[in-house]
Amino acid sequence: VISKEKMPYVVRLATLSFFFLVFILFGITIYIILWIAKNLEDSKAGWFNINRYLMINANKILYKTRIQLSVVLSVVATLLIVGFTTFSYIKNEYQKQQKESIREKIRKVQLSYQKQILTSGLRVDDKAGYEFNQFADVNAAYLNLYDINGKLLLTSLPKMYDYGILGKRMGPMAYINLSKLQRSEFLNTAEKIGDFTYAAAYAPIRNAQNQTVAYIGLPYYENEADYNEKIGLFINTLINIYALVFVLIGVLAVFLANQITSPLTFIQENIKRTKLGQKNQPIVWHRQDEIGLLIKEYNKMISALELSAIKLARSERESAWREMAKQVAHEIKNPLTPLKLGVQLLEKSWKEN
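Position 166 of the sequence shown, counted from 1, bears residue number 425 in the working numbering, the numbering being contiguous throughout.
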């Protein structure tokens, strides 16, 4: 029977979103590189000019863009913090589960082997070696058997010891904890073969008189590989989910920025139509929020502006009449005015006759 693991739809969607995010980041990176290269070619000042250009243009960033950046950066920072916390928690929990699984395994092996030697006794001949290998296969584990002095008696991996890869002595920490401290079991998660780190569990083997006659060891060589595989799968899933969330947050940031700045755009259009000397319509806003307070002050301003325009026009008319009155009064007080009027009448009569 040929079978294939069914991939959940969430994983498929997360994978697609991850590739989409990688494509976007790649495009942004290429754009930044090309922009920097262009500015370095066009400018003699080099990086100084680029920094100056960035500082000048930072003040020109729209309020809408600032909101989008703030939302995206806030969410990204939150996701990073939550992701790091989640990763640390999952990592610690998995290590605890892994240790508990190894301890449970060594307890099971310990009880099974003690039952076996109760009937057949502890032997170290060739047949005992074959039976020990069968016992290891039944328990699906690599096993080592040591005497009470920590010397290797039987193993399911003889070549590891024949080639000198491993020593034929029990680890000193395990021997001290089991022999000297009389502990029921011991787990060492940092045993090494060169640069390779693995976990190993040890437990005493007792006879019918409850006397320790040997020590059994269970090296778990898959510990590091299994741990890396599980953590790698978790990180991959986390990145995929965060990539999907990041794309959704980007769309949401654009929507929120447009919603927040639309009242400002509405006010901007009304301010453009405001002119001195004509009737300006007040802005109608039904919500009592910050924008409503701003519009209320704007409506007060255009009312005051209209009143000021009326007062200014009235003042200009009154000023013109005062100037005319001053001129008439000046002409009346002038002594030459009667003579000037007589000459004008004589000139008019001459033209008529």
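Even glycine gets a Cβ: it sits at the ideal position worked out from N, Cα and C.
Owing to the predicted nature of the structure, the values given are computational and were not obtained by experimental measurement.
In this structure, does DSSP put residue i in helix, strand or coil?
| i | result |
| --- | --- |
| residue 401 | coil |
| residue 534 | coil |
| residue 480 | coil |
| residue 444 | coil |
| residue 472 | strand |
| residue 427 | coil |
| residue 452 | strand |
| residue 383 | coil |
| residue 408 | coil |
| residue 485 | helix |
| residue 396 | helix |
| residue 561 | helix |
| residue 336 | helix |
Could you tell me the boundaries of the alpha helix (DSSP H) in which residue i lies?
| i | result |
| --- | --- |
| residue 420 | 417 to 421 |
| residue 541 | Careful: residue 541 lies outside any alpha helix (DSSP H) and carries neither H nor E. |
My understanding is that residue i touches residue j, with C-beta atoms under 8 Å, so please give their C-beta distance in whole angstroms.
| i | j | result |
| --- | --- | --- |
| residue 414 | residue 403 | 5 Å |
| residue 331 | residue 512 | 5 Å |
| residue 365 | residue 462 | 5 Å |
| residue 460 | residue 437 | Not confirmed; about 11 Å, so no contact. |
| residue 464 | residue 376 | 7 Å |
| residue 338 | residue 510 | Between residue 510 and residue 338 the Cβ distance is about 16 Å, and since that is not below 8 Å, they are no contact. |
| residue 542 | residue 558 | 6 Å |
| residue 401 | residue 395 | 7 Å |
| residue 516 | residue 354 | At roughly 43 Å, the Cβ-Cβ gap does not stay under 8 Å, so residue 516 and residue 354 are not in contact. |
| residue 411 | residue 419 | No, residue 411 and residue 419 are not in contact; Cβ-Cβ is about 10 Å, not under 8 Å. |
| residue 361 | residue 458 | 6 Å |
| residue 357 | residue 486 | 7 Å |
Between which two residues does the beta strand (DSSP E) containing residue i stretch?
| i | result |
| --- | --- |
| residue 460 | 455 to 465 |
| residue 413 | 411 to 414 |
Using alpha carbons as the reference points, say which of the options lies closest to residue i.
| i | options | result |
| --- | --- | --- |
| residue 475 | 367, 359, 421 and 514 | 367 |
| residue 497 | 343, 281, 433 and 533 | 343 |
| residue 329 | 529, 508 and 357 | 508 |
| residue 521 | 419, 473 and 324 | 324 |
| residue 454 | 480, 551 and 327 | 480 |
| residue 617 | 473, 554 and 452 | This structure cannot settle anything about residue 617, because the visible part of the chain is limited to 260 through 612. |
| residue 554 | 524, 467, 602 and 407 | 524 |
| residue 452 | 573, 466 and 430 | 430 |
| residue 373 | 544, 469, 528 and 428 | 469 |
| residue 518 | 550, 412, 538 and 406 | 550 |
| residue 434 | 567, 587, 566 and 405 | 405 |
| residue 351 | 565, 478, 607 and 489 | 489 |
| residue 533 | 565, 495, 286 and 502 | 565 |
| residue 563 | 608, 456 and 538 | 538 |
| residue 444 | 359, 579 and 583 | 359 |
| residue 456 | 478, 471 and 483 | 483 |
| residue 471 | 493, 428 and 408 | 408 |
| residue 371 | 287, 466, 528 and 526 | 466 |
| residue 369 | 499, 477 and 575 | 477 |
| residue 345 | 494, 574 and 588 | 494 |
So is residue i in contact with chain D if we call contact Cβ pairs under 7 Å?
| i | result |
| --- | --- |
| residue 508 | The question asks about chain D, but that chain is absent: this structure has only one protein chain. |
Is residue i near the ligand ADP, with its Cβ less than 6 Å from a heavy atom?
| i | result |
| --- | --- |
| residue 325 | With respect to the ligand ADP, the structure shown offers nothing to examine, as it has no ligands at all. |
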